[in-house]
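All the letters of the sequence shown, read from the start, carry residue numbers 537 to 655 under our numbering. Idealized CB from N, CA, C, for every residue including glycine. Please read all numbers here as calculations on a predicted model, not as lab measurements.
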Amino acid sequence: MDIRNSNIKQLFSYEKKASRLELFFRIIYSILIGIVLYIYGIFTGICLVLQWLVILIAGRRIEGLNRIIKGYLEYYTHVIGYLFLTTDIRPSIKPPSIAIFEKKLYYDRDTVEIIKKDN
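Next up, the structure:
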């Protein structure tokens, strides 16, 4: 996946400007997100135990349980930047459809890739 793709947005990026008004509303909104995360987390914990038992007994995974666990991780990743005050962009309370990718960068001494940001 090319990181220079215009559809990719970096999470947890530094923003110098911060809204004091958003900080006030963040308290109330964070409580709502926290409740959703708590309930979703309990449900995910049950699914983790079931998935563990299925893997132990059958040696395979159930796709539905895997989707629930993956969805919780994606939602948590989506809202944690807001909850930890790294951005003022308010996430939706309903879990969004996002995808998390890992890009491994391999550099040797003589090769450097410079990616310019468009501001």
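> Could you give the distance in angstroms between the alpha-carbon of Lys552 and the alpha-carbon of Leu592?
Replying inline: 49 Å
> Near Thr580, what residues of its chain come up, given a Cβ to Cβ distance below 7 Å and the 5 sequence neighbours on each side ignored?
Replying inline: Ile604, Ile605, Tyr608
>> Just to confirm my understanding: we take Leu568, look at its own chain, exclude 5 residues before and 5 after, and list those with CB closer than 7 Å. What are they?
In response: Ile629
> Excluding the five sequence neighbours on either side, which residues of its own chain have a C-beta within less than 8 Å of the C-beta of Leu573, listed in chain order?
Replying inline: Tyr611, Tyr612, Val615
> For Tyr565, which residues from the same chain have a beta carbon less than 7 Å from its beta carbon, with the 5 sequence-adjacent residues on both sides left out?
Replying inline: Arg626
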